[in-house]
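In my numbering, the protein residues as written are 514 to 649.
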């Protein structure tokens, strides 16, 4: 499956802070294996008019998972975001999803390590996330 999105902020408020984001993602799923990848780019308005945009950041992420016994899915994910003129941010995450009642109920827990950040300073952070999704 291949999808694209192009969200626009058309600077309707006149603050000259408009932006454009382009996103292209692809997903492959077969025999319990899932592989997803996304690339994205963002522009920002630097003066009037709205069409006066400059490239602001680029990035991508890739995620690999494998469903075991139709119920448990360990996943690994790598992402990088490179703002123009600023230190890149890298993230490595591992997680586990548990499916209840098919895909109607999904409980997902992950831990991620992020390195990088704004300006000359690099920052590191570890995040634990847990979420429950219910589909009707």
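Glycine included, C-beta positions come from ideal geometry on N, C-alpha and C. Only a predicted model underlies this, so the values are computations on that prediction, with no experimental measurement involved.
Would you mind reading off the limits of the beta strand (DSSP E) that contains residue i?
i	result
residue 514	Segment: none, residue 514 is in no beta strand (DSSP E) and carries neither H nor E.
residue 607	602-613
residue 541	532-543
residue 523	Counting along the chain, residue 523 falls outside any beta strand (DSSP E), and DSSP gives it neither H nor E.
residue 598	It is not in any beta strand (DSSP E) - residue 598 carries neither H nor E in the DSSP assignment.
residue 626	618-629
residue 581	From DSSP, residue 581 is part of no beta strand (DSSP E); its letter is neither H nor E.
residue 547	546-558
Less than 8 Å separating the beta-carbons of residue i and residue j?
i	j	result
residue 566	residue 558	yes
residue 537	residue 556	no
residue 585	residue 606	no
residue 630	residue 600	yes
residue 608	residue 639	no
residue 554	residue 514	no
Rounded to a whole number of angstroms, what is the C-alpha to C-alpha distance between residue i and residue j?
i	j	result
residue 574	residue 526	32 Å
residue 581	residue 522	42 Å
residue 561	residue 529	6 Å
residue 604	residue 645	22 Å
residue 583	residue 547	13 Å
residue 616	residue 531	38 Å
residue 564	residue 535	15 Å
residue 627	residue 590	12 Å
residue 611	residue 643	11 Å
residue 518	residue 549	16 Å
residue 637	residue 613	34 Å
residue 649	residue 598	44 Å
Item to complete: Count the C-beta pairs between the segment 593-600 and the segment 619-626 that are closer than 8 Å, then say yes if the count reaches three, no if not.
Response: no
Discussion item. Whether or not the segment 536-549 and the segment 566-573 are in contact is what I'm after, with contact meaning three or more pairs of Cβ atoms, one per stretch, closer than 8 Å; do they touch?
Written reply: no
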